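Novice: Let me begin by handing over the structure; questions about it come next.
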Amino acid sequence: MDLGLTDRVAFVAGASSGLGYAAVAALAREGCRVALCSRDEARIEQAADRLAAALGLEDGRLLPLVCDVRDEAAIERAIGEAVQRFGALHILVTNAGGPPSGFIGDFDAQQWREALELNLMSTINLCRHALPHLRAAARSAGHARVLMVTSVSAKQPIPSLYLSNTARAGVQGFAKSLAEELGPEGITVNTILPGYTRTERLKDLARAMQERTGQSVEAIEAGWAAGNALKRIGDPQEFADAVAFLASARASYITGVALPVDGGAVKHLL
Ligand SMILES: NC(=O)c1ccc[n+]([C@@H]2O[C@H](COP(=O)([O-])OP(=O)(O)OC[C@H]3O[C@@H](n4cnc5c(N)ncnc54)[C@H](OP(=O)(O)O)[C@@H]3O)[C@@H](O)[C@H]2O)c1
803 MDLGLTDRVA FVAGASSGLG YAAVAALARE GCRVALCSRD EARIEQAADR LAAALGLEDG
863 RLLPLVCDVR DEAAIERAIG EAVQRFGALH ILVTNAGGPP SGFIGDFDAQ QWREALELNL
923 MSTINLCRHA LPHLRAAARS AGHARVLMVT SVSAKQPIPS LYLSNTARAG VQGFAKSLAE
983 ELGPEGITVN TILPGYTRTE RLKDLARAMQ ERTGQSVEAI EAGWAAGNAL KRIGDPQEFA
1043 DAVAFLASAR ASYITGVALP VDGGAVKHLL
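If you're matching positions, the sequence shown starts at 803 in this note's numbering and goes up one per residue.
Take a look at the structure:
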């Protein structure tokens, strides 16, 4: 199937490693030009170099940018640089790191605010600043795409992930509102909900749970795997393939959807 992504321009946030990095790889493999950002200059430049070499990309297909998505001015700057370099923006993938795990007594008000900045406000601000460019792309190319990375915790809250559970629910409400408003303009808006997927974030969560429970990391991961229908942890590439499809011309009648990529971890019917 031709995904119709050749020469489309994508902006992927939180992309020096993990799910964001895999999303950049999948989009670039399908022919997109991609601006990718993270907080750390060395890490994001290494990520772009590694990907360009692995995929045999021509010079200039990837644009690594430094941008902390908690900083609205940095978002505005990074999106401006991407549009200036590539001349358009067709696809936005919002993403960042995850907040710490813990229960109600573990966080003060400031930590709650920081989690909402990291996972909710960053998503809103990325969309706000990308929107004029996405609208222009939809007018000239017929459609544009917004994909927001959230978590299965948006459908089925995970007991120790209070901060994530709360911020993701906000993103789901924002996404559904945006899908409704932007649909008539040809812009689709969907969320992708990873389940347990093998990245640095997963290692951090396993270590935190080990400290809390005394279980081994192997036992913790086995428990996570046992919780889904496929009985294994996911690979970032499996997540990224869903990103490429939803970003593509082929996903033209799918909007407002919350797609779990979780091996069947979410158990409810719909
Ligand atoms: N992996 C899973 O099993 C899983 C499951 C459900 C949900 N999620 C969620 O999916 C998202 C991505 O997860 P992941 O597993 O890929 O995490 P990860 O391995 O920790 O990677 C996070 C990426 O985001 C960048 N980043 C972190 N904070 C940032 C910020 N403030 N501004 C810009 N970039 C930032 C990091 O790069 P720098 O350090 O270079 O900035 C890194 O490239 C997270 O929100 C996570 O909670 C993950």
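Cβ coordinates follow ideal geometry from the N, Cα and C atoms, glycine included. In this text the structure is predicted, and so the values were computed from the model without any measurement.
Quick one: Cα of E832 to Cα of R947, how far?
Specialist: Spanning the two alpha carbons is a distance of roughly 15 Å.
Novice: Suppose the cutoff is 7 Å on Cβ atoms and the five residues either side in sequence are ignored; what does the same chain contact list for K1033 look like?
Specialist: So the list reads A1027, once near-sequence residues are dropped.
Novice: If you drop the 5 nearest sequence neighbours on each side, which residues of the same chain put their C-beta closer than 6 Å to that of R970?
Specialist: Contacts found: T952, S953, S955, A956.
Novice: How about A1008 and L807: are their beta carbons less than 8 Å apart?
Specialist: Result no, Cβ atoms of A1008 and L807 do not sit closer than 8 Å.
Novice: Roughly how many angstroms separate the alpha carbons of V895 and E983, rounded to a whole number?
Specialist: Distance between the alpha carbons of V895 and E983 is about 18 Å.
Novice: CB-CB under 7 Å to A1031, same chain, minus the five flanking residues each way: which ones, in chain order?
Specialist: Excluding positions up to five away in sequence, the list reads G1065, G1066.
Novice: Between the Cα of S840 and those of D910, I881, M803, spot the shortest distance and give me the residue it belongs to.
Specialist: For S840, the nearest C-alpha among the options comes from I881.
Novice: Can you give me the C-alpha to C-alpha distance between Y998 and A827, rounded to a whole angstrom?
Specialist: Taking the straight line from one Cα to the other gives about 20 Å.
Novice: Can you list, in chain order, the stretches of the beta strand (DSSP E) that have 3 or more residues and sit fully within the region 930-1014?
Specialist: Complete beta strand (DSSP E) runs here, min 3: 946-951, 989-996.
Novice: Note down the Cα distance separating G899 from E987, rounded to an integer number of angstroms.
Specialist: G899 and E987: Cα-Cα distance of roughly 31 Å.
Novice: Going by DSSP, which residues form a beta bridge with A801?
Specialist: The chain is shown only over 803 to 1072; residue 801 falls outside these bounds and no answer can be derived.
Novice: Alpha carbon to alpha carbon, how far is D1043 from D1037?
Specialist: Those two C-alpha atoms are separated by around 10 Å.
Novice: Please find out if some non-hydrogen atom of ligand 1 comes closer than 7 Å to the beta-carbon of R872.
Specialist: Result yes, Cβ under 7 Å from ligand 1.
Novice: Check the C-beta distance from A939 over to A890 and give it rounded, since I have them as a contact under 8 Å.
Specialist: Indeed they touch by this definition, with Cβ atoms about 5 Å apart.
Novice: Look at the alpha carbon of N897 and the alpha carbon of G1016, and state the distance between them as a whole number of angstroms.
Specialist: Distance between the alpha carbons of N897 and G1016 is about 31 Å.
Novice: So the beta strand (DSSP E) I893 belongs to, where does it begin and stop?
Specialist: Where I893 is concerned, the enclosing beta strand (DSSP E) stretches over 893-896.
Novice: Can you check whether the CB of V871 is closer than 8 Å to the CB of A825?
Specialist: Going by C-beta atoms, A825 is not nearer than 8 Å to V871.
Novice: Could you tell me the alpha carbon to alpha carbon distance between T1057 and G820, rounded to whole angstroms?
Specialist: Those two C-alpha atoms are separated by around 25 Å.
Novice: Skipping 5 residues on each side, what residues in its chain have a beta carbon closer than 8 Å to that of A856?
Specialist: Taken in chain order, the residues that qualify are A827.
Novice: Taking only heavy atoms of ligand 1 into account, decide whether any of them is closer than 7 Å to the Cβ of G1078.
Specialist: Residue 1078 lies beyond the residue range present for the chain, which begins at 803 and ends at 1072; the question has no answer from this structure.
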